[in-house]
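**Q**
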Ligand SMILES: Cc1cc2nc3c(=O)[nH]c(=O)nc-3n(C[C@H](O)[C@H](O)[C@H](O)COP(=O)(O)O)c2cc1C
Ligand code: SF4
Ligand code: FES
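Residue numbers (our numbering), protein chains in the order written: chain A, 28 to 203; chain B, 4 to 891; chain C, 275 to 711.
(1) How about residue 612 (chain C): is its Cβ closer than 8 Å to a heavy atom in ligand 1?
(2) Leaving aside the five residues before and after residue 301 (chain B) along the sequence, list all residues of the same chain whose C-beta is less than 8 Å from its C-beta, in chain order.
(3) Residues of chain D with CB closer than 9 Å to the CB of residue 85 (chain A), please, in chain order.
(4) On the DSSP bridge assignment, give the partners of residue 530 (chain C) in chain order.
(5) For residue 222 (chain B) versus residue 200 (chain B), is the C-beta spacing smaller than 9 Å?
(6) If residue 698 (chain B) sits next to residue 781 (chain B), beta carbons under 8 Å apart, how far is it from one beta carbon to the other, in whole angstroms?
(7) Return no unless some Cβ of chain B is closer than 9 Å to the Cβ of residue 141 (chain A).
(8) Tell me which residues share the same chain as residue 325 (chain B) and place their Cβ nearer than 6 Å to its Cβ, disregarding the 5 neighbours each side in the sequence.
(9) Looking at chain B, which residues of the region 654-668 of chain C have a Cβ within less than 7 Å of any of its Cβ atoms?
(10) If you draw a straight line from the C-alpha of residue 52 (chain A) to the C-alpha of residue 44 (chain A), how long is it?
(11) Report back the beta-carbon spacing between residue 645 (chain B) and residue 652 (chain B) to the nearest angstrom; my notes put them in contact at under 8 Å.
(12) Any chance you could list the beta strand (DSSP E) runs of at least 3 consecutive residues sitting entirely within the region 739-807 of chain B, in chain order?
(13) Would DSSP call residue 293 (chain C) helix, strand or coil?
(14) Kindly list, in the order they appear in chain B, the residues whose Cβ is closer than 8 Å to that of residue 169 (chain A).
(15) Find out if the Cβ-Cβ distance for the pair residue 439 (chain C), residue 459 (chain C) is shorter than 9 Å.
(16) At 7 Å on the CB atoms, spell out the chain B contacts of residue 29 (chain A), in chain order.
(17) How far does the beta strand (DSSP E) with residue 163 (chain A) in it extend, from its first residue to its last?
(18) Comparing alpha-carbon positions, which option in B:440, B:354 and B:589 lies nearest residue 514 (chain B)?
(19) Residue 478 (chain C) by DSSP, collapsed to three states: which one?
(20) Considering only their Cβ atoms, is the gap separating residue 662 (chain B) from residue 691 (chain B) smaller than 9 Å?
(21) Closest to residue 93 (chain B) by C-alpha separation, out of B:57, B:160, B:204 and B:405, would be which residue?
(22) Quick check: is the beta carbon of residue 249 (chain B) nearer than 9 Å to any beta carbon in chain A?
(23) Which residues in the same chain as residue 228 (chain B) place their Cβ atom closer than 6 Å to its Cβ, once the five residues preceding and following it in sequence are excluded?
(24) Please confirm if residue 432 (chain B) has its CB atom under 9 Å from at least one CB of chain A.
(25) From residue 660 (chain B) to residue 331 (chain B), what does the alpha carbon distance come to, in whole angstroms?
(26) Can at least three beta-carbon pairs, one atom from the region 382-397 of chain B and one from the region 415-431 of chain B, be found at a separation below 8 Å?
(27) According to DSSP, is residue 216 (chain B) part of a helix, a strand, or is it coil?
(28) Identify each residue in the region 109-129 of chain B for which the Cβ-Cβ distance to at least one residue of chain C is less than 8 Å, and report them in chain order.
(29) For residue 109 (chain A), verify whether its CB is less than 8 Å away from any heavy atom of ligand 2.
(30) Is it buried or exposed for residue 488 (chain B), if we count other Cβ within 10 angstroms and need 16 for buried?
(31) Taking 9 Å as the threshold (beta carbon to beta carbon), is residue 134 (chain A) in contact with chain C?
(32) Please work out which residues of its chain come closer than 7 Å, Cβ to Cβ, to residue 496 (chain B), disregarding the five sequence neighbours upstream and downstream, and give them in chain order.
(33) When you get a sec, list the residues whose CB is within less than 6 Å of any heavy atom of ligand 2, chain order please.
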């Protein structure tokens with residue numbers, strides 16, 4: 028149960044909005060952080076916290092693509108498929124990923140490590156092709172980078188190639 | 004006129020109120036703009052884009068459903084551009100719409116079909132693959148076919164805006180948007196049927212009539228619902244002696260087209276296979292055997308006459324259901340008083356509504372409300388006390404919701420309810436101020452309200468001059484009381500202050516107040532409150548007692564009780580009795596008649612020899628402790644007119660098959676006093692006959708002919724004795740306070756029982772004598788049933804098939820009970836075992852059980868009669884609860 | 275050194291600038307706020323913004339000061355400011371940079387706006403995917419509270435403001451301001467019917483201003499350097515000051531470039547962004563995000579300002595400029611964008627909900643060699659039945675790529691149909707994503 032674990036946090040979130048329902052998206056995020064997806068049980072609990080009916084929570088959950096209604100792999104790879112990335116190599120990127128992972132989009136590797144999805148524009152159109160894996164962006168991808176990212180993630184659970192505070196082109200001074 | 008604007012629609016000038024929507028303005032001059040998502044009950048959403056029109060000076064087409072008229076606005080609804088836009092929206096919808104019109108129940112009454120026909124679209128250019136939503140099970144009563152959906156969201160919006168239920172979800176998005184409930188769970192809601200009724204296409208259809216008909220094959224009868232006192236107009240759709248479907252889509256009637264589960268899905272008792280189709284007579288073998296009317300009527304007449312000769316007319320009593328029509332009730336009381344000559348008669352209005360009428364008559368000299376549903380909608384403060392309005396009077400509940408949600412009225416509630424959001428609506432969720440009262444404490448709360456009138460200095464200044472004695476003595480009586488234990492003083496004061504400072508306000512009271520000890524006094528005290536604050540005689544203000552059964556108001560007005568003649572007029576008043584006797588050309592028994600419990604008692608003791616019961620089932624309605632069955636078995640003759648072989652009918656010597664409301668004509672009088680038509684939709688089932696007809700035939704056999712050709716003749720006679728008993732169609736003219744009566748009350752009438760009315764009522768919940776029985780069990784109305792009749796309606800059984808003991812989840816947790824477990828209840832009189840359910844709105848310490856299944860609790864319940872009105876108070880019971888382990 | 279003076283990107287272009295409060299203050303951050311709270315009345319600030327000519331950078335280009343002045347003056351009860359950080363228009367990635375690299379610039383802008391319109395509670399609605407951005411903003415907000423720039427008594431001047439971060443969860447439409455408000459209220463992001471406008475019935479039905487990240491980031495500069503200066507830069511009077519344009523696609527140096535409005539696309543593409551990648555000729559470009567109509571080389575000399583682009587038949591929109599070289603299939607490009615629009619349509623309006631799917635199905639067929647000549651007429655007929663017939667501007671947006679490619683590249687569509695295959699792409703995309711999701 029969320030309420031037991033995050034009592035104060037939840038109260039703090041609810042207090043930010045003049046109407047309780049405003050706290051719905053933040054609480055759904057909290058549930059997803061906790062469980063990796065949003066279960067019916069979580070929807071019921073959040074409905075209770077916000078004086079909503081479960082259907083009211085459900086309709087909100089299903090509108091937004093980032094709320095997982097089913098468990099996903101440990102690393103959720105989301106490849107941008109929109110035009111700007113597609114112009115510079117989405118298909119190639121997907122090819123690499125599929126070969127390397129042995130799965131196609133919409134699937135999860137048998138070990139549960141990776142789920143591969145395609146998503147729409149992630150606002151890194153100048154640095155395509157790109158993908159988001161869980162919270163991190165990986166941009167300007169090459170086959171070498173992709174291999175390293177997947178290997179690092181499998182091994183260490185993280186990868187240093189994730190983009191930091193974004194600026195492109197990089198400032199002159201920062202160029203190596 | 005400042006509030007009017009001048010506009011042009013298709014060149015025609017017209018004047019409409021400010022704020023009118025263009026689509027509405029157009030309709031006033033007969034211009035119908037096609038639409039899907041617009042509905043007058045809902046806020047404009049402008050999502051279907053069907054209603055586009057040209058508005059001069061606006062570059063783009065505008066949606067007429069969301070555009071408000073403005074002075075000088077010129078609208079065109081029939082230009083080529085507009086036509087093209089309408090056609091194009093249809094084209095978009097039809098691109099993915101299945102071509103299943105031939106098997107769609109909406110076929111023939113479908114907006115999409117009608118508009119498509121109107122715009123005769125050319126063959127669709129859509130040649131790609133249609134979107135397909137997989138069929139999924141949605142609910143036992145409502146079929147969902149998403150491929151037909153036009154995504155107008157009327158269902159979702161209705162469920163939220165009108166019903167305040169919020170059980171429907173519009174899920175996913177874009178092209179894949181669809182309507183759902185919660186995940187793959189079947190629909191769990193109030194089952195008002197509103198989504199089916201408001202769907203412009205066949206996306207939601209009634210499963211009870213799925214594929215049963217084509218609309219044009221059905222016969223229609225506009226009639227009035229026979230369940231609760233709200234008096235909804237509904238249309239019975241029948242085919243070959245079967246009720247196929249019920250709807251109220253015409254949108255007129257006091258219910259404005261809205262219905263509840265009972266009205267919409269509760270019709271199948273009519274064609275139930277167990278309906279009685281012939282008279283039954285108990286033979287020497289002790290069993291009931293079929294007989295013909297020709298056999299049974301003379302037999303019955305003879306036995307009644309013999310008993311009358313042997314023991315006097317006073318040995319015969321009569322009891323009738325307040326679900327009967329006014330015509331049935333009128334003939335019944337006349338039959339009892341004249342054909343039999345007995346003063347002993349009663350109706351099921353005895354269970355509570357007599358308290359309300361007695362109080363109204365005493366203080367304001369009316370038998371009815373001084374307000375109407377319109378006044379509820381237009382009130383800016385509503386005070387609900389013990390109404391359980393959603394379950395008991397769902398349509399009045401909608402009026403309250405409309406007042407609060409659409410018009411911003413302040414809602415004050417004093418109910419045995421906790422605010423708690425579930426997918427059935429809960430009036431306490433809408434309250435501005437809510438006071439949770441334990442069962443049986445409503446009267447104490449009312450005393451607190453009157454005290455608060457003084458504490459908040461809300462007494463109408465003029466009243467102290469005109470009725471100083473009343474003010475001062477009531478003040479003294481009320482102020483001598485402390486604020487009731489366990490009820491928050493501040494809340495009581497806020498409620499009174501909010502109410503008394505509103506511009507117009509209505510007090511609604513219901514069964515939790517009227518049917519519990521002190522109900523009569525509390526009702527009078529509420530009238531005191533209105534008097535003290537100077538509101539009683541003001542336009543739009545009043546006290547509105549709600550009735551549980553459809554025709555309780557009629558039962559009293561028709562004189563179907565021991566103390567009242569038609570009018571009602573007091574039997575005890577010589578002058579009125581004489582006037583009626585003159586009209587009837589017959590003497591009216593003047594002896595004090597016995598009421599329900601007294602008749603049962605007399606049967607037990609043997610002074611009552613025969614009882615004629617019409618549509619009532621006291622063996623079920625009264626608890627085992629009253630030993631009704633035993634008493635009835637003592638009778639020499641028990642006659643029961645019924646639809647089904649009920650517990651009571653099983654004991655009868657003669658059972659007569661009666662017709663249901665679907666098979667007869669007549670009138671019902673609802674809570675607010677609207678007299679509405681009951682129209683026959685079917686021929687009587689089997690050999691059944693309307694109750695009035697049975698009584699009339701019996702009277703002929705007995706040689707005291709009360710002959711009527713049809714119900715119109717009866718109604719004409721009713722009108723002759725009750726001037727003004729008119730059919731009031733769509734509007735109601737509320738009664739007016741009788742100044743003479745009020746003055747008499749203020750001048751001293753009030754004092755008769757002042758001390759009783761303002762006597763402190765101890766908080767029973769804390770009472771020591773109740774040791775060992777720490778829980779209060781409240782028997783009340785379920786939203787899905789009404790009396791026992793509804794338990795014969797398969798549709799309603801699909802929603803609620805049994806009585807469950809409803810308790811707060813925290814209590815259940817404490818008792819180690821989960822949903823569906825069995826609980827053992829013990830009271831001072833016995834013990835019973837029932838399954839449990841949990842609901843957050845039931846206060847801790849309180850248990851709720853639906854009245855329609857009360858027989859399951861018969862061993863533990865008991866009644867106390869009201870010393871004044873004889874109301875058998877039986878809603879409350881102190882019990883102990885444990886989890887039942889093992890067995891079943 | 276860049277050719278044009280940087281305003282918004284100036285700090286972050288400095289070596290070692292981290293965007294921390296200390297860095298920002300060192301670069302004279304929060305001076306504008308000090309100045310405003312000390313010497314400028316709220317109404318006066320609104321006047322200054324009006325005078326500056328600042329227009330919204332979110333896409334519609336509405337004059338910011340004018341929008342503020344629609345807030346009812348003496349409305350009792352709360353009113354709100356919302357920073358639109360939903361940046362999800364394909365081709366646009368400037369707000370991300372402005373927030374992640376110089377968060378305090380935007381926060382200072384928000385405080386100024388809140389002060390001008392009398393707001394005590396403001397929200398930043400950031401798209402859910404920007405997890406890093408959200409973290410950076412949370413940290414920056416905490417710093418600002420710590421330094422007394424936010425909270426109950428800002429800089430001791432009696433002005434109070436709370437700013438809360440609210441994360442979206444994956445829905446392009448929530449960039450549309452009324453859908454955004456619905457989403458902030460915890461609902462599905464369906465745009466509202468207007469009127470009433472957010473200025474009177476916004477968040478929780480209270481008066482509300484929604485401004486884009488870049489719009490807000492401009493405010494400190496208006497206060498610091500004066501509205502007159504601001505109004506004299508860029509291409510006055512209608513398109514004042516700079517914009518951060520986002521270059522993507524087949525150019526040598528894609529990225530964010532801040533330039534004064536009014537330079538030409540030619541200069542932007544061939545000088546600033548380094549010209550075409552691989553030196554292939556330019557075939558087409560999108561001047562203002564996926565919702566803008568395509569341009570062709572004939573439009574290279576159009577000036578990059580609101581009016582000029584509109585006059586040439588497209589829009590400056592969100593500032594996302596996407597360049598496509600010769601050899602890029604226009605049908606494929608339109609299909610890709612329609613996939614986006616179909617996926618992101620909220621589903622409220624019939625023409626958009628049903629139309630986006632239908633259009634996508636036709637385009638997909640044509641691209642995959644299954645088109646018919648009649649399809650082109652159907653496309654041309656359906657598009658105007660969507661544009662202008664919907665609740666929000668999404669309806670206008672989704673047809674822009676189709677109508678403009680049909681206008682400029684009709685022969686390419688015909689070639690697909692005649693040859694029953696895509697002339698450009700040897701193998702059509704291997705996977706067909708079905709309509710819906
Ligand atoms: C479909 C659609 C998507 C939009 N997306 C965004 C967006 O991601 N970011 C943004 O700032 N404005 C977006 N807008 C514009 C907003 O509705 C609104 O005009 C803007 O936030 C106002 O801020 P401004 O006046 O500062 O530009 C979008 C508009 C539409 C119709
Ligand atoms: S135009 Fe499309 S995105 Fe905009 S409100 Fe209508 S359906 Fe939603
Ligand atoms: S198009 Fe891929 S990030 Fe923008």
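All residues carry an ideal CB built from backbone N, CA and C; glycine is no exception.
**A** With the structure as the only source:
(1) Reading the third chain from its first residue, position 338 is the one you call residue 612 (chain C). Every heavy atom of ligand 1 is 8 Å or more from the Cβ of residue 612 (chain C), so no.
(2) Counting from one through the second chain, the residue named residue 301 (chain B) turns up at place 298. Counting only Cβ-Cβ distances below 8 Å, and skipping sequence neighbours, we find 704.
(3) The question asks about chain D, but that chain is absent: this structure's protein chains are A, B and C.
(4) Along the third chain, read from residue 1 onward, the residue named residue 530 (chain C) stands at position 256. C:520.
(5) By 1-based counting over the second chain, the position of residue 222 (chain B) is 219. By 1-based counting over the second chain, the position of residue 200 (chain B) is 197. In this structure, residue 200 (chain B) does not lie closer than 9 Å to residue 222 (chain B) by Cβ.
(6) Against the second chain, residue 698 (chain B) aligns to sequence position 695. Against the second chain, residue 781 (chain B) aligns to sequence position 778. The beta-carbon separation of residue 698 (chain B) and residue 781 (chain B), rounded to 36 Å, does not stay under the 8 Å limit for a contact.
(7) Against the first chain, residue 141 (chain A) aligns to sequence position 114. Proximity of residue 141 (chain A) to chain B, defined by a Cβ-Cβ separation below 9 Å, is not satisfied.
(8) Start at 1 with the first residue of the second chain, and residue 325 (chain B) comes out as number 322. Close CB contacts of residue 325 (chain B) within its chain, under the 6 Å cut and outside five residues either way in sequence, are with 350, 351, 352, 552, 554, 555 and 558 (chain order).
(9) Within the region 654-668 of chain C, the qualifying residues are 659, 662, 663, 664 and 665.
(10) Here residue 52 (chain A) refers to the residue found at position 25 when the first chain is read from its first residue. Here residue 44 (chain A) refers to the residue found at position 17 when the first chain is read from its first residue. In this structure, the CA atom of residue 52 (chain A) is about 12 Å from the CA atom of residue 44 (chain A).
(11) As a position in the second chain, residue 645 (chain B) is number 642, starting the count at 1. As a position in the second chain, residue 652 (chain B) is number 649, starting the count at 1. Going by Cβ atoms, the distance from residue 645 (chain B) to residue 652 (chain B) rounds to 5 Å, so yes, they are a contact pair.
(12) You should have 778-783.
(13) Against the third chain, residue 293 (chain C) aligns to sequence position 19. It is coil, neither helix nor strand.
(14) Stepping through the first chain from its first residue, residue 169 (chain A) is reached at position 142. In chain order: nothing, as chain B lies at least about 34 Å away.
(15) Here residue 439 (chain C) refers to the residue found at position 165 when the third chain is read from its first residue. Here residue 459 (chain C) refers to the residue found at position 185 when the third chain is read from its first residue. Note that the C-beta distance between residue 439 (chain C) and residue 459 (chain C) is not below 9 Å.
(16) Locating residue 29 (chain A) in the first chain gives position 2, where the first residue counts as 1. In chain order: nothing, as chain B lies at least about 17 Å away.
(17) To locate residue 163 (chain A), count along the first chain from 1; it is residue 136. Counting along the chain, residue 163 (chain A) sits inside the beta strand (DSSP E) bounded by residues 163-165.
(18) The sequence position of residue 514 (chain B) within the second chain is 511, counting from 1. In terms of Cα proximity to residue 514 (chain B), the closest of B:440, B:354 and B:589 is B:354.
(19) Translated into the one-based positions of the third chain, residue 478 (chain C) becomes position 204. Three-state result, residue 478 (chain C): helix.
(20) Mapped onto the second chain, residue 691 (chain B) falls at position 688. Mapped onto the second chain, residue 662 (chain B) falls at position 659. Going by C-beta atoms, residue 691 (chain B) is nearer than 9 Å to residue 662 (chain B).
(21) What you label residue 93 (chain B) is simply residue 90 of the second chain in a count that begins at 1. Distances from the alpha-carbon of residue 93 (chain B) to those of B:57, B:160, B:204 and B:405 put B:204 closest.
(22) The residue you call residue 249 (chain B) lines up with position 246 of the second chain. Answer no: the Cβ-Cβ gap between residue 249 (chain B) and chain A never drops below 9 Å.
(23) For the purposes of this step, residue 228 (chain B) is taken as residue 225 along the second chain, with counting starting at 1. Within the same chain, 235, 237 and 266 come within 6 Å of residue 228 (chain B) by CB-CB distance, once the 5 residues on both sides are set aside.
(24) Within the second chain, residue 432 (chain B) is the residue found at index 429, counting from 1. Interface flag for residue 432 (chain B) against chain A is set, since a Cβ pair is found closer than 9 Å.
(25) Walking along the second chain from the start, residue 660 (chain B) turns up at place 657. Walking along the second chain from the start, residue 331 (chain B) turns up at place 328. In this structure, the CA atom of residue 660 (chain B) is about 14 Å from the CA atom of residue 331 (chain B).
(26) Touching, yes, given that three or more Cβ pairs across the two stretches are closer than 8 Å.
(27) Numbered from 1 along the second chain, position 213 holds the residue referred to as residue 216 (chain B). Collapsing the DSSP output to three states places residue 216 (chain B) in coil.
(28) Listed in sequence order: 128 and 129.
(29) Here the question's residue 109 (chain A) lines up with position 82 in the first chain. Answer for residue 109 (chain A): no, Cβ out of range of ligand 2.
(30) Taking the second chain and counting its residues from 1, the one referred to as residue 488 (chain B) is at position 485. Residue environment analysis places residue 488 (chain B) among the exposed positions, since fewer than 16 neighbouring C-beta atoms fall within 10 angstroms of its C-beta.
(31) Sequence index remark: in the first chain, residue 134 (chain A) carries index 107 (1-based). Taking Cβ atoms only, chain C never reaches closer than 9 Å to residue 134 (chain A), which makes this a no.
(32) To locate residue 496 (chain B), count along the second chain from 1; it is residue 493. Counting only Cβ-Cβ distances below 7 Å, and skipping sequence neighbours, we find 455, 458 and 459.
(33) Near ligand 2, meaning a beta-carbon closer than 6 Å to one of its heavy atoms, we find C:447, C:465, C:619, C:620, C:621, C:622, C:623, C:626, C:627, C:664, C:665, C:666, C:668 and C:669.
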